[in-house]
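I have placed the structure first, in the form of structure tokens, so that the comments after it can refer back to it.
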Amino acid sequence: MSLSTTIYNTFFKRNSIYVASVFTAAFAFGIGFDSGVTTFWDTWNKGKQWKDIRHKYVQDEE
Amino acid sequence: MLSRLPSGALKQASSAARLTRASAVSSSRSASVRFASSSSSTSSNAFESFMNSRLTLASATLFTAGTVAWYAHLYGTLPFLGEAHASHHSDEGLHPVAYPWSHNGFFDSFDHASIRRGYQVYREVCAACHSLDRIAWRNLVGVSHTADEARVMAEEVEYPDGPNDDGEMFQRPGKLADYMPAPYPNDEAARAGNAGALPPDLSLIVKARHGGADYIFSLLTGYIDPPAGVEIREGMNYNPFFPGGALSMARVLFDGLVEYDDGTPATTSQMAKDVVTFLNWAAEPEHDERKKTGIKAVILFSTLFVLSIYAKRFKWGPIKNRKIQYNPPADKSGH
Numbered sequence: 001m002s003l004s005t006t007i008y009n010t011f012f013k014r015n016s017i018y019v020a021s022v023f024t025a026a027f028a029f030g031i032g033f034d035s036g037v038t039t040f041w042d043t044w045n046k047g048k049q050w051k052d053i054r055h056k057y058v059q060d061e062e
Numbered sequence: 001m002l003s004r005l006p007s008g009a010l011k012q013a014s015s016a017a018r019l020t021r022a023s024a025v026s027s028s029r030s031a032s033v034r035f036a037s038s039s040s041s042t043s044s045n046a047f048e049s050f051m052n053s054r055l056t057l058a059s060a061t062l063f064t065a066g067t068v069a070w071y072a073h074l075y076g077t078l079p080f081l082g083e084a085h086a087s088h089h090s091d092e093g094l095h096p097v098a099y100p101w102s103h104n105g106f107f108d109s110f111d112h113a114s115i116r117r118g119y120q121v122y123r124e125v126c127a128a129c130h131s132l133d134r135i136a137w138r139n140l141v142g143v144s145h146t147a148d149e150a151r152v153m154a155e156e157v158e159y160p161d162g163p164n165d166d167g168e169m170f171q172r173p174g175k176l177a178d179y180m181p182a183p184y185p186n187d188e189a190a191r192a193g194n195a196g197a198l199p200p201d202l203s204l205i206v207k208a209r210h211g212g213a214d215y216i217f218s219l220l221t222g223y224i225d226p227p228a229g230v231e232i233r234e235g236m237n238y239n240p241f242f243p244g245g246a247l248s249m250a251r252v253l254f255d256g257l258v259e260y261d262d263g264t265p266a267t268t269s270q271m272a273k274d275v276v277t278f279l280n281w282a283a284e285p286e287h288d289e290r291k292k293t294g295i296k297a298v299i300l301f302s303t304l305f306v307l308s309i310y311a312k313r314f315k316w317g318p319i320k321n322r323k324i325q326y327n328p329p330a331d332k333s334g335h
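Protein chains in written order, with full-length UniProt numbering: chain A, 1 to 62; chain B, 1 to 335.
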């Protein structure tokens with residue numbers, strides 16, 4: 001069975017599976033993309049953001 | 001009349017088609033022949049046709065217009081034309097230097113330690129004259145101060161509230177939701193306290209001035225004695241960056257005026273940089289989130305753009321690459 005057939009049979013054959021995988025993929029991509037950009041942003045702005053200096057000012061961490 | 005037109009047009013078209021077909025084979029050769037003949041003519045002929053060509057006229061016009069536009073852009077005036085000004089250039093104020101702010105770049109967030117120091121400068125210096133209407137204590141939380149710090153600072157200020165059950169207004173300590181207290185009860189009091197000049201609210205000042213942060217930094221650090229020949233009114237202060245040169249605000253920042261709790265030396269320029277960063281945040285509190293969202297948007301939209309180009313080419317490929325063949329009806333007129 002070729003790869004495209006396998007992909008077709010797993011994802012596209014049944015609409016319920018197709019829709020479910022679209023939703024799951026969108027959800028997973030959203031989280032992954034977000035955390036990727038956030039990692040870049042935090043590296044680029046290291047030491048400048050509030051979360052980098054917050055520890056100097058919090059009194060009692062519960 | 002109308003019914004005859006199509007048949008005549010058709011006849012014309014069919015004969016034209018035959019003609020095109022006949023000449024199509026030789027068309028490329030004939031073009032090259034024409035080109036060769038024109039380039040092999042005498043040089044004066046070539047010069048004449050060059051001078052008379054529309055392309056020459058168009059490019060010369062374009063070049064002239066472009067040069068004038070470039071000059072006007074570079075020097076602000078048209079070349080060879082004198083100008084008379086009713087005002088002096090100093091009326092517009094000196095252009096501020098473009099400073100390398102730590103939040104300048106596409107990917108750069110605000111420097112929040114600087115915002116915190118800048119708030120201290122605002123509170124200890126500028127707040128004596130300038131209000132900051134649009135910033136509430138809660139806005140500082142998670143930006144430059146912890147919730148506890150902001151709450152303590154708010155409680156130091158008394159706010160009018162009420163009416164209570166007896167219909168009386170009363171004073172109460174501030175809450176996080178309260179806005180920054182103004183130094184004067186109203187604009188008239190502010191003017192009266194500052195020799196007639198109203199200290200503007202600083203919430204949006206960075207957006208409200210040409211040059212933005214660069215201008216305000218230059219203004220705060222740019223006070224000098226008026227140059228020879230420049231007279232300013234009593235009580236005014238000379239600053240070349242201020243349009244007109246004289247303003248009511250005196251120089252307010254001097255080395256060592258505040259004491260930073262993170263140990264940064266409080267030089268004039270350091271304090272100016274910090275307070276301007278703070279005011280820049282006050283004017284654009286959404287700044288960090290906006291840039292971060294911008295990165296995401298640019299990545300996503302450029303990916304979608306590339307995909308759309310691919311889809312377009314994919315769909316149009318067969319249509320653009322197809323060959324249309326025309327088989328003319330058999331010629332029955334005989335040879």
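Glycine included, C-beta positions come from ideal geometry on N, C-alpha and C.
Taking 7 Å as the cut-off, does the CB of residue i come closer than this to any heavy atom belonging to ligand 2?
i, result
"B:Arg-134", "Of ligands this structure carries none, so ligand 2 is not represented either."
Taking the C-alpha atoms as reference points, what is the distance between residue i and residue j?
i, j, result
"B:Val-141", "B:Arg-116", "11 Å"
"B:Leu-62", "B:Ala-72", "15 Å"
"B:Ala-17", "B:Ala-330", "With a pLDDT of only 46 at B:Ala-17, under 50, the local geometry of the prediction cannot be trusted, and the value read off the model is given with reservation. Cα-Cα distance, rounded: 13 Å."
"A:Val-22", "B:Gly-294", "25 Å"
"A:Ile-31", "A:Thr-39", "12 Å"
"B:Phe-278", "A:Lys-13", "57 Å"
"B:Ala-24", "B:Ser-308", "The pLDDT assigned to B:Ala-24 is 43, lower than 50, so where the model puts this residue is not dependable; a value taken from the coordinates is nonetheless given after this. Cα-Cα distance, rounded: 38 Å."
"B:Leu-219", "B:Gly-118", "16 Å"
"B:Phe-35", "B:Leu-81", "Residue confidence for B:Phe-35 is low, a pLDDT of 49 falling below 50, so the modelled location carries little weight and cannot support an answer."
"B:Pro-226", "A:Phe-33", "57 Å"
"B:Trp-101", "B:Ser-87", "33 Å"
"B:Ser-90", "B:Gly-244", "6 Å"
"A:Met-1", "A:Asn-15", "21 Å"
"B:Leu-253", "B:Leu-304", "51 Å"
"B:Leu-94", "B:Tyr-260", "31 Å"
"B:Ala-250", "A:Lys-46", "37 Å"
"B:Val-306", "B:Arg-191", "58 Å"
"B:Gly-162", "A:Phe-27", "49 Å"
"B:His-145", "B:Gln-120", "11 Å"
"B:Val-68", "B:Gly-211", "27 Å"
"B:Met-51", "B:Trp-70", "25 Å"
"B:Gly-222", "B:Asp-165", "54 Å"
"B:Ile-324", "B:Pro-318", "12 Å"
"B:Ser-32", "B:Ser-333", "In this prediction, B:Ser-32 has a pLDDT of 42, which is less than 50 and means its spatial position is unreliable; nothing more can be read from the coordinates."
"B:Tyr-215", "B:Met-271", "15 Å"
"B:Pro-79", "B:Asp-262", "55 Å"
"B:Ala-136", "B:Ile-232", "38 Å"
"B:Arg-4", "B:Tyr-326", "Any answer about B:Arg-4 is weak, because its pLDDT of 44 lies below 50 and its placement is not dependable; what the coordinates show is given next. Taking the straight line from one Cα to the other gives about 25 Å."
"B:Glu-286", "B:Asp-274", "18 Å"
"B:Leu-74", "A:Gly-36", "43 Å"
"B:Phe-107", "B:Lys-292", "7 Å"
"B:Gly-196", "B:Val-125", "20 Å"
"B:Ala-213", "B:Val-276", "6 Å"
"B:Leu-55", "B:Ala-65", "15 Å"
"B:Ser-37", "B:Ser-53", "With a pLDDT of 45 at B:Ser-37, under the threshold of 50, the modelled position of that residue is not reliable, and no figure is offered here."
Need the endpoints of the alpha helix (DSSP H) that residue i sits in, please.
i, result
"B:Asp-187", "187-193"
"A:Gly-30", "15-44"
"B:Gly-66", "54-75"
"A:Leu-3", "3-7"
"A:Lys-51", "50-53"
Would you check if there are 3 or more beta carbon pairs closer than 8 Å linking the segment 269-288 of chain B to the segment 196-208 of chain B?
Look at the beta carbons and you see the segment 269-288 of chain B touching the segment 196-208 of chain B: at least three pairs across the two are nearer than 8 Å.
Inter-stretch contact at 8 Å, needing at least 3 Cβ pairs: the segment 306-313 of chain B / the segment 152-165 of chain B
The segment 306-313 of chain B is not in contact with the segment 152-165 of chain B.
Runs of beta strand (DSSP E) wholly within the UniProt domain "Cytochrome c" (113-265) of chain B (minimum 3 residues, chain order):
As far as the UniProt domain "Cytochrome c" (113-265) of chain B is concerned, its whole beta strand (DSSP E) runs of at least 3 residues are 158-161, 170-173.
Every unbroken alpha helix (DSSP H) within the segment 263-321 of chain B, with a cutoff of 4 residues, ordered by chain:
For the segment 263-321 of chain B, whole alpha helix (DSSP H) runs of length 4 or above, ordered along the chain, are 268-283, 287-321.
Please identify, using Cβ separations under 9 Å, the residues of the segment 137-148 of chain B that lie next to chain E, in order along the chain.
The chain labelled as chain E is not found among the protein chains of the depicted structure, namely A and B.
Counting pairs of Cβ atoms below 8 Å between the segment 168-179 of chain B and the segment 55-69 of chain B, do you hit three or more?
Two segments are said to touch when three or more pairs of C-beta atoms, one from each, lie closer than 8 Å; by this definition the segment 168-179 of chain B does not touch the segment 55-69 of chain B.
Are the segment 103-113 of chain B and the segment 43-57 of chain A touching, with three or more C-beta to C-beta distances below 8 Å?
Three or more beta-carbon pairs drawn from the segment 103-113 of chain B and the segment 43-57 of chain A are found closer than 8 Å, and the two stretches are therefore classed as touching.
May I ask you to verify whether the segment 179-189 of chain B touches the segment 128-136 of chain B, counting CB pairs closer than 8 Å and requiring at least 3?
Two segments are said to touch when three or more pairs of C-beta atoms, one from each, lie closer than 8 Å; by this definition the segment 179-189 of chain B touches the segment 128-136 of chain B.
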